[in-house]
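Peer 1: At position 149 of the sequence shown the residue is numbered 149 (UniProt numbering), and the sequence of numbers has no breaks.
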Amino acid sequence: MINKKSFASDNHSGIHPTILEAIGVANIDHAPAYGDDKYTQAGISKLKEHFGENIDAFFVFNGTGANVLGLQAVTTSYQSILCAHTAHINEDECGAFEKSTGSKLILLPTYEGKISVEDIKKSLHSVGNPHRSQPKVVSISQTTELGTVYTPDEIKAIADVAHENGLLLHMDGARLSNAAASLGTSLKEITADVGVDILSFGGTKNGLMIGEAVIFFNKEHAVTFPFVRKQGMQLGSKMRFIGAQFEAYLSDNLWYDNAKHSNDMTRLLANELEKISEITFVEKVESNAIFISIPEQYLTKIQENYYVAVWSKALSQVRLMASFDTTEEDIHQFVALVKKVISDN
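#1: In terms of alpha-carbon separation, which member of F291, T185 and A259 lies closest to S13?
#2: Which stretch, first to last residue, makes up the alpha helix (DSSP H) that contains R240?
#3: So the candidates are Y111, G236, E91 and P135; which of them puts its Cα closest to the Cα of K122?
#4: Which residue spans inside the region 255-341 form an unbroken beta strand (DSSP E) run of at least 3?
#5: What are the uninterrupted segments assigned as beta strand (DSSP E) that are 3 or more residues long and contained completely in the region 3-87, given in chain order?
#6: Suppose the cutoff is 8 angstroms on Cβ atoms and the five residues either side in sequence are ignored; what does the same chain contact list for L69 look like?
#7: Per DSSP, what kind of secondary structure is Q234 in: helix, strand or coil?
#8: According to DSSP, is A222 part of a helix, a strand, or is it coil?
#9: Using DSSP with H/G/I as helix, E/B as strand and the rest coil, what is E93?
#10: For L169, does the three-state DSSP call read helix, strand or coil?
#11: Grouping DSSP H, G and I as helix and E and B as strand, with all else coil, what is S100?
#12: Taking the C-alpha atoms as reference points, what is the distance between T144 and T75?
#13: May I ask you to list the residues that DSSP assigns as paired with G202?
#14: Within this structure, are the beta carbons of I276 and Q317 separated by less than 9 angstroms?
#15: Tell me which residues share the same chain as F281 and place their Cβ nearer than 6 angstroms to its Cβ, disregarding the 5 neighbours each side in the sequence.
#16: Within the chosen definition, does the region 324-344 reach the region 294-303 through at least 3 CB pairs nearer than 8 angstroms?
#17: In its own chain, which residues sit with a C-beta less than 7 angstroms from the C-beta of P295, not counting the 5 before and 5 after it?
#18: On the criterion of 16 or more Cβ atoms from any shown chain inside 10 Å, does H16 qualify as buried, or is it exposed?
#19: Looking at S182 and N271, is the spacing between their C-beta atoms short of 9 angstroms?
#20: Kindly indicate which residue of F217, K188, T64 and I81 has the alpha-carbon position closest to the one of S133.
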């Protein structure tokens with residue numbers, strides 16, 4: 001029987017009670033559609049508090065929509081995006097970026113989940129060559145797909161080389177809150193302050209029901225987005241239910257508290273798993289994700305009791321994640337099950 005609590009993904013968690021309450025409040029009466037309501041405007045005001053007054057911000061339904069449409073707004077079909085080979089836009093969005101834009105993804109190697117300034121520079125040799133797709137944007141994920149975290153200095157270095165070569169910097173911030181909690185920074189300190197041009201800011205992995213924000217730090221880059229969003233089927237008629245969530249999420253440090261809690265629970269889980277000799281850690285633990293290798297005969301038994309994400313079947317590697325609602329009891333129950341499976345086999 002599968003346990004009700006999952007360590008496979010923070011997407012498996014429910015809605016934070018404060019967010020659910022905010023949705024209920026927004027549901028009390030009628031309100032104008034398509035964002036012309038007080039809840040959407042309040043959500044955007046909160047985004048400006050955290051990211052800067054001069055941003056343009058737009059709500060969409062999901063992370064794929066945020067990434068694809070944010071990039072589509074600043075690219076044409078003969079241009080390309082430089083990104084990690086592990087990037088979500090490459091591996092987990094079913095070719096949505098290429099289909100929607102006609103643009104090309106240039107895949108870079110990663111080091112602990114991160115791309116390097118050196119590899120970006122190596123990919124710029126064809127600038128100006130009409131036979132080659134022209135680089136337009138560098139895209140990074142924060143946190144990375146391997147759970148590691150770019151420091152502010154690392155982001156700034158990437159932004160600097162991008163801007164020096166006429167490129168923009170896009171950030172897939174599906175777990176940006178976890179990164180900020182890990183670094184002990186504000187959201188602005190790892191985005192606007194270090195040169196990010198376009199941000200996909202996620203909340204569904206950290207307590208929201210639905211909804212992401214696309215943020216442009218230069219208003220010129222946002223000019224086409226209202227049309228791109230509508231044509232891309234991401235303009236919500238009852239947008240107030242997304243705006244209300246973001247207002248609550250960005251009030252009273254809820255975003256930070258949720259992210260810090262999931263990070264802390266992940267660290268506790270890692271500390272406990274490190275004591276088990278049969279388990280090998282394959283990536284650094286810097287946010288709310290753990291990547292481990294565990295012999296297949298144990299993994300099969302664990303999967304009979306818990307959802308876990310198999311990252312590499314061939315290498316018997318799995319990803320474990322904690323969520324805003326993971327408890328210490330959940331951690332200890334899972335670790336006890338792992339130890340029992342190993343001892344019984």
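Positions of the beta carbon are idealized from the N, C-alpha and C atoms, including for glycine.
Peer 2: In short, the structure shows the following:
#1: Here residue 13 corresponds to residue number 13 of the sequence shown, with the count starting at 1. The shortest Cα separation from S13 among F291, T185 and A259 belongs to A259.
#2: Taking the first residue of the sequence shown as 1, we reach residue 240 at position 240. From DSSP, the alpha helix (DSSP H) with R240 extends over R240 to Y249.
#3: Translated into positions along the sequence shown, residue 122 becomes position 122. Closest by alpha carbon: P135.
#4: 289-293, 309-312 and 317-321
#5: 56-60 and 79-84
#6: Counting from one through the sequence shown, the residue named residue 69 turns up at place 69. Excluding positions up to five away in sequence, the list reads V60, S100, V214, F225, V228, R229, G232 and Q234.
#7: Position 234 of the sequence shown holds residue 234. Three-state result, Q234: coil.
#8: One-based indexing of the sequence shown puts residue 222 at position 222. Correct three-state label for A222: helix.
#9: Taking the first residue of the sequence shown as 1, we reach residue 93 at position 93. Here E93 sits in coil by DSSP.
#10: Here residue 169 refers to the residue found at position 169 when the sequence shown is read from its first residue. Three-state DSSP puts L169 in a strand.
#11: In the sequence shown, residue 100 corresponds to position 100, counting from 1. Helix, per DSSP.
#12: In the sequence shown, residue 144 corresponds to position 144, counting from 1. In the sequence shown, residue 75 corresponds to position 75, counting from 1. Each residue's alpha carbon lies about 23 angstroms from the other.
#13: The residue labelled residue 202 in the question sits at position 202 within the sequence shown. Paired residue(s): E212.
#14: Taking the first residue of the sequence shown as 1, we reach residue 276 at position 276. Taking the first residue of the sequence shown as 1, we reach residue 317 at position 317. No, these two residues do not count as a Cβ contact at 9 angstroms.
#15: Residue mapping note: residue 281 aligns to position 281 of the sequence shown, counting from 1. Once the five neighbours on either side are set aside, the close Cβ partners of F281 are I292.
#16: yes
#17: Mapped onto the sequence shown, residue 295 falls at position 295. Closer than 7 angstroms at the Cβ level, and outside the excluded window around P295, lie E278 and S316.
#18: Working through the sequence shown from its first residue, we reach residue 16 at position 16. Result: buried.
#19: One-based indexing of the sequence shown puts residue 271 at position 271. One-based indexing of the sequence shown puts residue 182 at position 182. Not in contact: N271 and S182 (Cβ atoms no closer than 9 angstroms).
#20: Start at 1 with the first residue of the sequence shown, and residue 133 comes out as number 133. Ranking F217, K188, T64 and I81 by Cα distance to S133 puts I81 first.
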